[in-house]
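Asker: In full-length UniProt numbering, the protein residues as written are 1 to 305.
This is the structure in structure tokens:
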């Protein structure tokens, strides 16, 4: 049996916010998204003040949902996520504001993650799908000179079974979790929301991974610029995410939008950080509607500046 985290608030049991206030999300442009999001910003503390007693119907009404059917009607075929970033026309300026990266719980992340959690945050089917994707895109195991960074790492990285490289660095918030991760050859404890500067030389890594944690970054552009700096030319950055999260620690723009929007948000980080090829999205959800969804946005560092 999986030891998946099951706390109803912290595990993010709420379904994705769909796009109940952002219809036709696959075809809208990011500037329209920024406009709609800005015009419908709400006080997240007021929303979350309902606590556990807030019904899903009440909660969705605060985001403009007309009825329970609006959420179901927003369900998208698997292939639609794959199209979100294709030939995307980005606005000139990064559209998000400082308040978009605020969280309901602004207390110390170091305190929040102080106690180790030897659990998984997505179900076994989603984990297996992610591992399969890794097996398709990672350099072959034991390739000389390959270095990898698992950002926002923990006690498990979901790499293929037996996968090894000369250097696999884990960066995370809890040392006890990192010590238990068998794939790591070294680790760094660092709070990227306090210090987004990555303690590595330029052009150091072939692959950077981040599993279900990109939604917690409060300084994403700084982090993605650093990712570009430390990746080798042609190196790959893989951001994977679901609709599960520590709800009170996820950023505002994430918790108030849905799956296709999340793809655009992460894609925008790559685009506006600079130094990356156009980002691409892949829906690897193993059993849509029956298991946790799983999405990937990835890009490679440009071969030349």
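We put the beta carbon where it would ideally sit given N, CA and C, even for glycine. Owing to the predicted nature of the structure, the values given are computational and were not obtained by experimental measurement.
Specify the secondary structure class of residue 210 as computed by DSSP and reduced to three states.
Answerer: Residue 210: strand per DSSP, three-state reduction.
Asker: Could you tell me the alpha carbon to alpha carbon distance between residue 50 and residue 169, rounded to whole angstroms?
Answerer: Low per-residue confidence applies at residue 50: pLDDT is 28, beneath 50, and the placement is therefore not dependable, though the value from the model is reported in the following sentence. For residue 50 and residue 169, the distance between alpha carbons rounds to 40 Å.
Asker: Of the residues 243, 282 and 151, which one's Cα is nearest the Cα of residue 220?
Answerer: Taking only the C-alpha atoms, the option nearest residue 220 is 151.
Asker: So does residue 255 have its beta carbon nearer than 7 Å to some heavy atom of the ligand COA?
Answerer: Absence of the ligand COA is noted for the structure shown, with no ligands found whatsoever.
Asker: Tell me residue 298's beta-bridge partners as DSSP assigns them.
Answerer: 238 and 280
Asker: Counting Cβ pairs, one atom from each stretch, are 3 or more of them under 8 Å apart for the segment 207 to 221 and the segment 186 to 198?
Answerer: Contact between the segment 207 to 221 and the segment 186 to 198 is present, because at least three Cβ pairs lie under 8 Å.
Asker: Return the chain-ordered list of same chain residues with a C-beta closer than 6 Å to the C-beta of residue 176, the five sequence neighbours on each side being excluded.
Answerer: 116
Asker: Counting along the chain, where does the alpha helix (DSSP H) carrying residue 98 start and finish?
Answerer: Looking at the DSSP string, residue 98 is not in any alpha helix (DSSP H), and its letter there is neither H nor E.
Asker: So what does DSSP say about residue 233, is it helix, strand or coil?
Answerer: Here residue 233 sits in strand by DSSP.
Asker: Under 8 Å, do residue 181 and residue 153 count as touching if we go by C-beta distance?
Answerer: yes
Asker: Expressed to the nearest angstrom, what Euclidean distance is found between the alpha-carbon atoms of residue 86 and residue 280?
Answerer: 7 Å
Asker: Whose CA, out of 155, 213 and 268, lies closest to the CA of residue 241?
Answerer: 213
Asker: Since residue 309 and residue 171 should fall inside the 8 Å C-beta cutoff, what is the C-beta to C-beta distance between them, to a whole number of angstroms?
Answerer: Residue 309 lies beyond the range of the chain shown here (1 to 305); nothing can be said about it.
Asker: Determine whether the beta carbon atoms of residue 292 and residue 245 lie at a separation below 8 Å.
Answerer: Going by C-beta atoms, residue 292 is not nearer than 8 Å to residue 245.
Asker: Counting C-beta neighbours from all protein chains within 10 Å, is the total for residue 294 16 or more, i.e. buried, or is it exposed?
Answerer: buried
Asker: Can you say whether residue 145 is buried or exposed, counting buried as having 16 or more other CB atoms within 10 angstroms of its CB?
Answerer: exposed
Asker: Whole angstroms is fine: what's the gap from residue 263's alpha carbon to residue 206's?
Answerer: 23 Å
Asker: To the nearest angstrom, how far is it from the Cα of residue 303 to the Cα of residue 198?
Answerer: 21 Å
Asker: Is it right to say residue 300 is buried, meaning 16 or more other beta carbons lie within 10 angstroms of its own, or is it exposed?
Answerer: Buried, by the Cβ-count rule.
Asker: Judging by CA-CA distance, which residue of 260, 125, 252 and 228 is the nearest neighbour of residue 98?
Answerer: 252
Asker: Between 255, 211, 256 and 139, which lies nearest to residue 127 when the distance is taken from Cα to Cα?
Answerer: The shortest Cα separation from residue 127 among 255, 211, 256 and 139 belongs to 211.
Asker: Measure the alpha-carbon distance for residue 290 versus residue 124 and round it to whole angstroms.
Answerer: 12 Å
Asker: Among the candidates 102, 92 and 130, whose CA atom is the shortest distance from the CA of residue 311?
Answerer: Residue numbering for the chain in the displayed model covers 1 to 305; residue 311 lies beyond these limits and cannot be assessed.
Asker: Look up residue 247 in the DSSP assignment and say whether it is helix, strand or coil.
Answerer: helix
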